[in-house]
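Structure first, commentary second.
Residue numbers (full-length UniProt numbering): 1 to 137.
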């Protein structure tokens, strides 16, 4: 029973704010990816990137937003897997690994995948937040 108040204290409450925006790399929208917002002392928020737009940022429940505060940000995106060639080998000895294995290539420099190395930050305020991230090599 003593854990109940602690669990209630960790709820989404009003310390979350809605986050939308855009993400580009070298001036082009990121087709598909993930974004992470880390505010010190708070639970991380995760969102998706589709056609350059930040969508569905969630901390506790789908679409509930990100914690208010100064956030370090990570963005991860991969190039769409190449379509297999009609005559491509399918054995485990084939380049790329076992049959059916999909190998993906990063669409962004690896530094952007970690909030500690990305160099990306933002201030999340109460209410609506429209963010823009223009990434470069």
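Ideal Cβ placement from N, Cα and C applies to all residues, glycine included.
Remember, predicted model here, so these are calculated numbers, not experimental data.
37 is the residue among 37, 105, 15 whose C-alpha sits nearest the C-alpha of residue 75. The beta-carbon separation of residue 39 and residue 81, rounded to 33 Å, does not stay under the 8 Å limit for a contact. Here residue 129 is buried. Its C-beta has 16 or more other C-beta atoms within 10 Å. Within the stretch 27-67, the complete beta strand (DSSP E) segments at least 3 residues long are 32-38, 45-50, 53-58, listed from N- to C-terminus.
Straight through space, the alpha carbons of residue 24 and residue 137 are spaced by roughly 11 Å. In this structure, residue 17 lies away from residue 63, with their beta-carbon atoms at least 9 Å apart. Looking at 52, 114, 35, the one whose alpha-carbon comes closest to that of residue 46 is 35. Distances from the CA of residue 73 to each of 21, 132, 115 were compared; the closest alpha carbon is that of 115. Put simply, the backbone Cα of residue 54 is about 17 Å away from that of residue 60.
The continuous beta strand (DSSP E) containing residue 133 extends over residues 128-135.
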